[in-house]
Structures are given as C-alpha cells and as structure tokens.
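Remarks on the structure that follows.
Residue numbers (the working numbering): 1 to 365.
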C-alpha cells in the first residue's frame, strides 16, 4: 500500500492591494481630512460672523444663511481651498450695482468722499503711474470693518472719472476670510460686491477678532490639521501677493492692517489693533519689490453723519518689517488731526471728539 502524506496548510500572504485601491483610499483619506478642516473653519468663522458688531455704529452686515454652508458646490467666498479670486463683473452694470452701495450707505456725503480720492489721484498722478507699471499698497484703518470695501469703491469711482472704465483687473483686496460669511442687503460681501470691483486675495488672520482660535477646537488631531491648513493657505496668499508686486503690469493692493476690528479702551478711546507680523512682512517685501505704500485714514460715516477720509504721504522704503508699525502710528496721528478739524465743523458728531491711538507692541526688530 502506498503511503499518502499531506503537506501542512500553507499560510499564504495577503494579496497586495491594487494601485487603484490604494489611490482610492488615499483620496478618501484626503477628502475626510479636508472636509474635517473645512467644517471646523465653517463653524468658527460662521460663529464670528454672527458676532460682528460696530465700534462706532451698528454693523451693516448680516451672516449669510446657514444653509449655504451645506451646499455641494460651495460659493467661492467660503471655499477654503481658494486663495486668489478673480474679479467677476459680466458688464459695467454689474460693477455699477455694487458701487451703488456707496450712495445707499453714505447718502449725500458720498460725493465728498469721491472728491478726496479724485484730488489724491490727480496730485500723485496715481493712474498715470499705474498705467506705466508702478504698483501700490493702500493700508487702511479699522475704525469700521467695511473701510477696505469703501476705500475700493471710492478709488474706483475716482478712476472712472479719470477715464479708467475698469479698475478691477488692476486692483486686489487683501482681506480676511470672515467676510465671505457676511452679506449686505442680501448680497454676499465677497462674491456679490467686492469681486465686482476687484480681485480678492483671502488670508487667515493670526491676531484679533478674525483669527482662527485653535483653542476652540477640541480634537487635537483636527487642531493640528487646521493649523497646518491655515499655514499652507497663508503661504499661498503671500506667494500671490509677491506675484502682483513683481509684475511689470501695475497693481493696486488694498488692505486693512491686521484683519481685525479696533477696540474701545477703558477711557472710551479707539485703539487700533497693531499690525500683525504677517502684515508687517508683506509691507516690507512689497517696498523691496518697488511698490509704494499709502496709509489711509477712513472714518466712514452714515447717511446722517459725514465721513472723514485722508490719505497719507507716499512711503517707498522700510528699514525692516518692524518699521511698518510706524505706518499704523501714522494712521492714528492722521486720524486724530482729521477728527479734530472735523469736530470744529461738525460739533454735533460725537465720534469726532474721540481720540485714537495705535495699540501696544514690542519696539524692537
């Protein structure tokens, strides 16, 4: 009889996952991570949008409808993967509808505000220099959250009267992402208003009321991913800004100095948020590329109270990023002088009697 033997069971290795399965898993992991970060940013920024208030006046903003956050196709304004948004006017009428807000919000005083920017542009030959390839950075005050948008609107009006029918391709707003979660008269602040008159370069502020506070994120792993995502996106913002400054095609960048509302101190004085490190570095790098900086004090009023707008002297050099604090101090100084003069002409306007100071910071490089 033949002896029959059996080999012990062989332990075969698990089959290698196919490249397709690996790529799908990687894609799924990336989607889960991005969605987790996006959801957390939505939660934090939408909460901030509901808390926006005025320093001098009641806010003109309302948060966007909550259901917008759940749309499958996210509006550009709240798409966190997008940093640079091109202007979107389809016709001159689109831009005109956005600029009409100036008259709606400032009423009979809008024309005086346009005149300030017209006189400035003539004096500095701004549009001629822009056409020749010069770039400019306008740094605004924070006395009202909407000052950057108003600076844009009135500069655009001045350009129209100077023969520039479109300024949007030459102008970029550097703004905090919180604005995408706000609307005015049912129009999204970024997509329906600002992008009709300019490009938009979105940033994550690192200080003040618009900052993403990691302390509000309880999941430490998500905290890490939010921090990394914000750092990556801000690097993209800096890169886009430098592209504009290095271009031989003249550009205007309009920003507020630190992406935050100002505060009122215990004496009732307005305290300007000091320029954040990223802002100071942006300004320093801009002048290194040959751009000129103009400080703007924009104390915008209402239909019942006049505005006070002054544009400071041209700045063409900075010794260091730290030296950019002097621009903030200059804005506060210009503001106090302008308010003092306005108080004599309009003694019934209480805010013109309120002093302004630039906030505390370490005076070193």
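Every residue gets a Cβ at the ideal spot worked out from N, C-alpha and C, and that includes glycine.
Residue i burial status per 10 Å Cβ neighbour count (16 or more: buried)
i, result
"residue 6", "Any reading at residue 6 is ruled out, since the residue's pLDDT is 46, under 50, leaving its predicted position unreliable."
"residue 352", "buried"
"residue 196", "buried"
"residue 70", "exposed"
"residue 202", "buried"
"residue 230", "buried"
"residue 342", "buried"
Under the three-state DSSP convention, the category residue i falls into
i, result
"residue 352", "helix"
"residue 344", "helix"
"residue 295", "strand"
"residue 300", "coil"
"residue 63", "strand"
"residue 255", "strand"
"residue 203", "strand"
"residue 229", "helix"
"residue 41", "helix"
"residue 361", "coil"
"residue 52", "coil"
"residue 263", "strand"
"residue 84", "strand"
"residue 10", "The predicted position of residue 10 is uncertain, since its pLDDT is 49 and thus under 50; a value taken from the coordinates is nonetheless stated next. It is coil, neither helix nor strand."
Any non-hydrogen atom of the ligand MG within 7 Å of residue i CB
i, result
"residue 177", "This structure simply doesn't include the ligand MG, nor any ligand for that matter."
Endpoints, the alpha helix (DSSP H) within which residue i is located
i, result
"residue 116", "110-124"
"residue 217", "Neither: residue 217 is in no alpha helix (DSSP H) and is coded neither H nor E."
"residue 182", "Taken as a continuous stretch (DSSP letters only), residue 182 belongs to no alpha helix (DSSP H), being part of the beta strand (DSSP E) at 182-184."
"residue 95", "92-106"
"residue 173", "Here residue 173 belongs to no alpha helix (DSSP H); instead the beta strand (DSSP E) covers 171-176."
"residue 58", "Residue 58 -> no alpha helix (DSSP H), and no H or E assigned at all."
"residue 153", "147-161"
"residue 286", "277-288"
Cβ separation of residue i and residue j, assumed to be a contact under 8 Å, to the nearest whole Å
i, j, result
"residue 254", "residue 84", "Contact flag wrong, Cβ pair sits at about 15 Å."
"residue 114", "residue 149", "Not really, about 15 Å apart at Cβ, beyond 8 Å."
"residue 335", "residue 356", "5 Å"
C-alpha gap between residue i and residue j, whole angstroms
i, j, result
"residue 272", "residue 80", "28 Å"
"residue 284", "residue 276", "12 Å"
"residue 104", "residue 270", "26 Å"
"residue 10", "residue 239", "Because residue 10 carries a pLDDT of 49, less than 50, the predicted location of this residue cannot be relied on, and no value is offered for it."
"residue 321", "residue 158", "31 Å"
"residue 346", "residue 143", "18 Å"
"residue 110", "residue 23", "57 Å"
"residue 178", "residue 48", "7 Å"
"residue 306", "residue 51", "26 Å"
"residue 68", "residue 76", "11 Å"
"residue 155", "residue 134", "16 Å"
"residue 246", "residue 286", "9 Å"
"residue 225", "residue 38", "10 Å"
"residue 120", "residue 198", "20 Å"
Enclosing beta strand (DSSP E) for residue i [first to last residue]
i, result
"residue 138", "136-140"
"residue 309", "308-311"
"residue 270", "270-272"
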